[in-house]
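Since the structure comes first, as C-alpha cells, the remarks are kept for the end.
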Amino acid sequence: MGRVPDVIGLSLLTSRTRSTSISELLCSAHARLLAASSIKTTSPPHRRPIEQRRYLRLEPSPEVPIRSTNMSSSPPYNKLSYYTFGTPNGLKPALILEELGLKYDSHQVNIMKNEQKEPWFLDINPNGRIPALKDGDLRVFESGAIMLYLTDMYDKEKKFTYEYGTDLYYEMLSWVMFQMGGIGPMQGQANHFRLMAPVYDTYGMKRYIDETKRLISVLEIRLSKADWLAGDKYTIADMASWAWVKGAPSVDIDMSEFPGVERWIKRIAERPATEKAKTATGALPDDKIKEMFDGMKAKMDAKKDEAK
1 MGRVPDVIGL
11 SLLTSRTRST
21 SISELLCSAH
31 ARLLAASSIK
41 TTSPPHRRPI
51 EQRRYLRLEP
61 SPEVPIRSTN
71 MSSSPPYNKL
81 SYYTFGTPNG
91 LKPALILEEL
101 GLKYDSHQVN
111 IMKNEQKEPW
121 FLDINPNGRI
131 PALKDGDLRV
141 FESGAIMLYL
151 TDMYDKEKKF
161 TYEYGTDLYY
171 EMLSWVMFQM
181 GGIGPMQGQA
191 NHFRLMAPVY
201 DTYGMKRYID
211 ETKRLISVLE
221 IRLSKADWLA
231 GDKYTIADMA
241 SWAWVKGAPS
251 VDIDMSEFPG
261 VERWIKRIAE
271 RPATEKAKTA
281 TGALPDDKIK
291 EMFDGMKAKM
301 DAKKDEAK
C-alpha cells in the first residue's frame with residue numbers, strides 16, 4: 001500500500017486512542033484521501049481492510065482521438081492512399097511511388113482552400129500539412145518519413161535505396177536529412193520573401209536566397225564529380241532535393257553557376273516516372289509555373305517601387 005501522507009497520519013494518531021487498531025487508521029486515511037480527490041476510483045474485493053488498494057480509472061480526453069493499433073499484423077498493407085498537392089514536398093514521395101510502380105490512390109488536397117486544415121485531414125496528419133500517406137489504417141506524415149517508409153516496405157530489391165545498416169544507406173540518409181533540414185526550409189523562405197511577402201523585404205530576400213545558393217553549392221561539390229548524391233544510383237536522396245532545387249531560378253538563382261547540379265536536374269526531369277509524379281500531384285507544367293512565378297516577382301518588385 002502507498003505511504004499515507006504524514007499530515008494525515010499525524011492527524012489520525014493525535015485523534016485516536018492507543019486502543020485504535022492499525023486497520024481502522026488505514027481505512028480512515030483511505031476514506032479521507034478519496035474524499036479529497038476528484039479522480040474516480042474503484043476498489044477490488046478484499047478480505048481485510050489492510051489489503052485495500054487505490055485504483056485509478058483513466059478516461060480518454062474527448063479532444064484527443066486514440067488511434068487503434070492492429071497488433072496482429074505489420075506493414076506493408078498494400079492499400080496506399082497518398083494525399084498531396086503540386087508543391088515540392090508534395091512531389092517528393094510521388095517520385096518514389098511512381099519509380100516503384102506502386103498502385104495507389106492519389107488525393108489532391110487543395111491547400112489554397114485550406115483543405116489541409118479540415119478535421120478529416122488532421123486525423124491523418126495532425127500538423128495540417130501535405131503530404132501524408134495511409135497504408136491501410138497506418139498513417140505516415142512528413143515527406144521524408146513517407147519516402148523512407150515506401151523504400152523500407154516496398155523497395156525489396158533496393159532499387160532506390162541501400163541495405164539498412166550499410167555505409168551507403170547512411171550516406172543516402174544524410175543527404176535526405178540535408179534536404180529536410182536545409183534546402184527545404186531555406187528555399188521555402190526564399191520563395192516567401194521573393195514571391196509572396198506582404199512587403200518588399202530586402203534583408204529577408206538576401207538572407208534566404210544567399211543561404212539557398214550556399215546549400216546548392218554543397219550539392220555541386222558532390223554532383224560536379226558524380227551523377228548521384230549517394231553511391232552510383234538514383235535514390236530517394238536525389239528525389240528529395242530535386243523536387244526543390246529545380247525551382248531555384250524562380251528566386252533569381254543562376255543555375256549556370258552550378259553545372260553539376262544543372263546536369264543532375266535535367267537527368268531526373270527526363271525520367272518517365274518524374275512526369276507521372278507531377279501529374280499525380282496536380283503540378284502545373286514547367287512553362288506555366290515559370291509564367292506564374294514571373295508574375296509574382298513582378299508584383300513584388302512593384303511593392304519595392306511603391307515603398308520608395
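Per UniProt numbering, the very first residue in the sequence shown carries number 1; after that it's consecutive. C-beta: ideal position from N, C-alpha, C; glycine also.
Could you tell me whether the Cβ atoms of residue i and residue j are closer together than 9 Å?
{"i": "TYR169", "j": "TYR162", "result": "yes"}
{"i": "TYR82", "j": "LEU133", "result": "yes"}
{"i": "VAL245", "j": "GLN187", "result": "yes"}
{"i": "VAL261", "j": "GLU211", "result": "no"}
{"i": "PHE263", "j": "GLU99", "result": "In the sequence under discussion, the amino acid at residue 263 is Arg, which differs from the Phe named in the question. Taking 9 Å as the Cβ cut-off, ARG263 and GLU99 do not qualify as a contacting pair."}
{"i": "GLY144", "j": "MET177", "result": "yes"}
{"i": "LEU91", "j": "ALA283", "result": "yes"}
{"i": "ASN89", "j": "ILE130", "result": "yes"}
{"i": "ALA248", "j": "TRP175", "result": "no"}
{"i": "PHE141", "j": "MET239", "result": "no"}
{"i": "ILE216", "j": "ARG194", "result": "no"}
{"i": "THR84", "j": "ALA237", "result": "no"}
{"i": "residue 312", "j": "SER241", "result": "Outside the displayed range of the chain (1 to 308) lies residue 312, so it cannot be described from this structure."}
{"i": "LYS290", "j": "SER250", "result": "yes"}
{"i": "PRO76", "j": "ASP167", "result": "no"}
{"i": "MET196", "j": "MET112", "result": "no"}
{"i": "LYS278", "j": "TYR200", "result": "no"}
{"i": "LEU80", "j": "ALA273", "result": "no"}
{"i": "LEU97", "j": "LEU148", "result": "no"}
{"i": "PRO198", "j": "SER224", "result": "no"}
{"i": "ILE268", "j": "TYR234", "result": "yes"}
{"i": "LYS213", "j": "ILE265", "result": "no"}
{"i": "ILE146", "j": "PRO185", "result": "no"}
Does DSSP put residue i in a helix, a strand or coil?
{"i": "ASP135", "result": "strand"}
{"i": "TYR203", "result": "helix"}
{"i": "VAL245", "result": "helix"}
{"i": "SER174", "result": "helix"}
{"i": "TYR104", "result": "strand"}
{"i": "TYR154", "result": "helix"}
{"i": "VAL140", "result": "strand"}
{"i": "ASN127", "result": "coil"}
{"i": "ALA283", "result": "coil"}
{"i": "PRO119", "result": "helix"}
{"i": "PRO198", "result": "coil"}
{"i": "ALA230", "result": "coil"}
{"i": "SER73", "result": "coil"}
{"i": "ALA307", "result": "helix"}
{"i": "THR212", "result": "helix"}
{"i": "CYS27", "result": "Confidence at CYS27 is low in this model, with a pLDDT of 46, below 50, so the placement of that residue should be treated as unreliable; the coordinate-derived value is given next. If DSSP states are grouped into helix, strand and coil, CYS27 belongs with the helices."}
{"i": "SER217", "result": "helix"}
{"i": "ARG267", "result": "helix"}
{"i": "GLY86", "result": "coil"}
{"i": "ASP167", "result": "helix"}
{"i": "ASP252", "result": "coil"}
{"i": "LYS159", "result": "coil"}
{"i": "ASN191", "result": "helix"}
{"i": "PHE293", "result": "helix"}
{"i": "THR235", "result": "coil"}
{"i": "LYS225", "result": "coil"}
{"i": "ALA298", "result": "helix"}
{"i": "GLU51", "result": "In this prediction, GLU51 scores a pLDDT of 43, lower than 50, which makes its location untrustworthy; the coordinate-derived value is nonetheless stated afterwards. The answer is helix: DSSP assigns GLU51 an H, G or I state."}
{"i": "HIS46", "result": "Caution is warranted here: a pLDDT of 45 is assigned to HIS46, below 50, making its placement in the model unreliable, and the coordinate value is therefore given only provisionally. Coil at HIS46, not helix or strand."}
Tell me, please, which residues DSSP counts as bridged to residue i.
{"i": "SER81", "result": "ASP105 and LYS134"}
Please report whether the beta-carbon of residue i lies at a distance below 9 Å from any beta-carbon of chain C.
{"i": "PRO185", "result": "Of the chains in the structure shown, none is chain C; there is only one protein chain."}
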